[in-house]
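**Student:** Each position in the sequence shown, counted from 1, maps to that position plus 4 in this note's numbering.
Please read through the structure below; I'll follow up with questions.
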Amino acid sequence: MKTLYAALLLGLSSCCTIEQMNQLVQESTWAIDENTDTVNRSTCVIVENGRLIDASTEAIRQNKQTLESR
């Protein structure tokens, strides 16, 4: 990964100014931060969905038990 990054920077340095490279790095950092936030929110939703699935499974088990006892 470091080799790819170094090659990318070398390629960019031949066609971009330092300011342009810094801007690209900053934009990449912002994109990474946004993606990290999205992953964190998605993880919370997945955990909550798991909790809801567990609660639904328990409710189904209890309903089945109630129906079988009649």
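Yeah, the Cβ is synthetic: ideal placement off N, Cα and C, and Gly gets one too.
Quick one: what does DSSP say T61 is sitting in, helix, strand or coil?
**Tutor:** helix
**Student:** For R74, which of helix, strand or coil comes out of DSSP?
**Tutor:** coil
**Student:** Give the secondary structure of T21 by DSSP, where H, G and I count as helix, E and B as strand, and everything else as coil.
**Tutor:** coil
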